[in-house]
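J.: Numbering (my numbering), first residue to last: 1142 to 1376. Cβ coordinates follow ideal geometry from the N, Cα and C atoms, glycine included.
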């Protein structure tokens, strides 16, 4: 069955062009020209991936992203922005998107970004034969149920955040380079830069750190990347 993609873009020419290219790739594409229509279509059609423009009439893409992430935690979201400033990209990720692209873009690049996101969605949602729980108190990662807990309370993670946490918890104490995280989470074909790793780490810290400015659990390895802290009694 063709994977469902919702395209929310107010510019007709861009929307039609992207839809044609995605349909050629075998996707079932639904389109909306406003944030309100996009939310309604998402609730009706239950797409697996949303390609969402930031600048929309009515409610903007950031608010649409927030609403969709709240309504559909496992939804894959790629934000489109006509602005090159990092602030817009970072804001989009903080609202819960998995990736971003700056317009104008090559449709082949968008297709590759979608395929990368599909792999992350599949990695999170595919059930494995037997339960496997990774315990790093006060955290617990249930790889069968695909759930993450902090002090026995579930923490909602996007598909990308889940894969990052799984990578950390499977490699406790190991310094992971940004490039390694990028490759193992986003895939070898990902065309973006490693800044997306930093933004996702900041978002994860905001969910699990008491003081994200002074993280205890996701440590920065300066000039290299990040390391998942393990308590002395776990080593």
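(1) Taking 8 Å as the threshold (C-beta atoms), are residue 1297 and residue 1188 in contact?
(2) For residue 1308, collect the residues of the same chain with a Cβ closer than 8 Å to its Cβ; drop the 5 residues on either side in sequence, then sort them by chain order.
(3) Quick test of your reading: residue 1150 and residue 1144, contact by CB under 8 Å. State the CB separation rounded to the nearest angstrom.
(4) Could you tell me how far apart the beta carbons of residue 1262 and residue 1300 are, in whole angstroms, since I believe they sit closer than 8 Å?
(5) Excluding the 5 residues preceding and the 5 following residue 1238 in the sequence, name in chain order all residues of the same chain whose CB lies nearer than 6 Å to its CB.
(6) Spatial neighbours of residue 1203 within its chain, please: C-beta separation below 8 Å, excluding the five flanking residues on both sides.
(7) Mind reading off the beta-carbon distance from residue 1182 to residue 1173? Whole number of angstroms is fine, and I expect it under 8 Å.
(8) Using the DSSP secondary-structure output, state which residues sit across from residue 1369 in a beta bridge.
(9) Can you tell me whether residue 1216 is helix, strand or coil according to DSSP?
(10) Considering just the uninterrupted stretch of the alpha helix (DSSP H) at residue 1316, what are its terminal residues?
(11) Would residue 1311 and residue 1275 qualify as a contact pair, given that the criterion is a beta-carbon distance under 8 Å?
(12) Between residue 1270 and residue 1319, what straight-line distance do the alpha-carbon atoms span, to the nearest angstrom?
(13) I'd like the span of the beta strand (DSSP E) that includes residue 1288, first residue to last.
(14) Apart from the five residues on each side of it in sequence, which residues of its chain come closer than 7 Å, Cβ to Cβ, to residue 1208?
(15) Based on DSSP bridge pairs, tell me the residues matched to residue 1173.
(16) Can you check whether the CB of residue 1315 is closer than 8 Å to the CB of residue 1260?
(17) Figure out for me which residue from 1354, 1349, 1305, 1199 has the closest Cα to the Cα of residue 1337.
(18) Taking the straight line between their C-alpha atoms, what separation do you get for residue 1364 and residue 1330?
(19) What span of residues does the beta strand (DSSP E) with residue 1276 cover, start to end?
(20) Is it buried or exposed, residue 1257, if we count other Cβ atoms within 10 angstroms and call 16 or more buried?
(21) Give the single residue among 1280, 1293, 1222, 1345 whose Cα lies nearest to the Cα of residue 1313.
(22) What residue does the alpha helix (DSSP H) around residue 1308 start on, and which one ends it?
(23) Helix, strand or coil for residue 1294, going by three-state DSSP, please let me know.
(24) Look up residue 1222 in the DSSP assignment and say whether it is helix, strand or coil.
T.: With the given structure in hand:
(1) For this step, residue 1188 is matched to residue 47 along the chain shown. For this step, residue 1297 is matched to residue 156 along the chain shown. Contact: no.
(2) The residue given as residue 1308 occupies position 167 in the chain shown. The residues are 1317, 1322, 1325, 1326.
(3) Start at 1 with the first residue of the chain shown, and residue 1150 comes out as number 9. Start at 1 with the first residue of the chain shown, and residue 1144 comes out as number 3. In fact, because the Cβ distance is near 18 Å, the residues do not count as touching under 8 Å.
(4) For the purposes of this step, residue 1262 is taken as the residue at position 121 of the chain shown. For the purposes of this step, residue 1300 is taken as the residue at position 159 of the chain shown. The Cβ separation is near 5 Å, so the contact holds.
(5) Residue 1238 sits at position 97 when you count from the first residue of the chain shown. Excluding sequence neighbours, residue 1238 sits near 1206, 1218, 1220.
(6) Within the chain shown, the letter at position 62 stands for residue 1203. Cβ within range, chain order: 1195, 1232, 1233, 1236.
(7) Numbered from its first residue, the chain shown carries residue 1182 at position 41. Numbered from its first residue, the chain shown carries residue 1173 at position 32. Indeed, because the Cβ distance is near 5 Å, the residues count as touching under 8 Å.
(8) By 1-based counting over the chain shown, the position of residue 1369 is 228. Paired residues: 1359.
(9) Reading the chain shown from its first residue, position 75 is the one you call residue 1216. Of the three classes helix, strand and coil, the one that applies to residue 1216 here is coil, per DSSP.
(10) Taking the chain shown and counting its residues from 1, one reaches residue 1316 at position 175. That residue, residue 1316, is in no alpha helix (DSSP H); its beta strand (DSSP E) goes 1316-1318.
(11) Start at 1 with the first residue of the chain shown, and residue 1311 comes out as number 170. Start at 1 with the first residue of the chain shown, and residue 1275 comes out as number 134. It is a contact, given that the beta carbons lie within the stated cut-off.
(12) For the purposes of this step, residue 1270 is identified with residue 129 of the chain shown, where counting begins at 1. For the purposes of this step, residue 1319 is identified with residue 178 of the chain shown, where counting begins at 1. With a pLDDT of 49 at residue 1270, under the threshold of 50, the modelled position of this residue cannot be trusted; read the value that follows with caution. One Cα belongs to residue 1270, the other to residue 1319, and the distance between them is close to 31 Å.
(13) If you number the chain shown from 1, residue 1288 lands on position 147. Residue range 1288-1291 is occupied by the beta strand (DSSP E) that includes residue 1288.
(14) Your numbering for residue 1208 matches position 67 in the chain shown. Excluding positions up to five away in sequence, the list reads 1180.
(15) Walking along the chain shown from the start, residue 1173 turns up at place 32. DSSP, once it has assigned bridges, lists 1149 as partnering residue 1173.
(16) Walking along the chain shown from the start, residue 1260 turns up at place 119. Walking along the chain shown from the start, residue 1315 turns up at place 174. Cβ distance not < 8 Å, so residue 1260 and residue 1315 don't count as in contact.
(17) Residue mapping note: residue 1337 aligns to position 196 of the chain shown, counting from 1. Ranked by Cα distance from residue 1337, the first of 1354, 1349, 1305, 1199 is 1305.
(18) The residue you call residue 1364 lines up with position 223 of the chain shown. The residue you call residue 1330 lines up with position 189 of the chain shown. Approximately 24 Å, taken between the alpha carbons.
(19) Locating residue 1276 in the chain shown gives position 135, counting from the first residue. Segment 1274-1277, the beta strand (DSSP E) holding residue 1276.
(20) By 1-based counting over the chain shown, the position of residue 1257 is 116. Buried: at least 16 other Cβ atoms inside 10 Å.
(21) Within the chain shown, numbered from 1, the residue matching residue 1313 stands at position 172. Minimum Cα-Cα distance from residue 1313 among the listed residues 1280, 1293, 1222, 1345 corresponds to 1280.
(22) Position 167 of the chain shown, counted from the first residue, corresponds to residue 1308. Note, residue 1308: alpha helix (DSSP H), 1300-1311.
(23) In the chain shown, the residue the question calls residue 1294 occupies position 153. Residue 1294: strand per DSSP, three-state reduction.
(24) As a position in the chain shown, residue 1222 is number 81, starting the count at 1. Strand.
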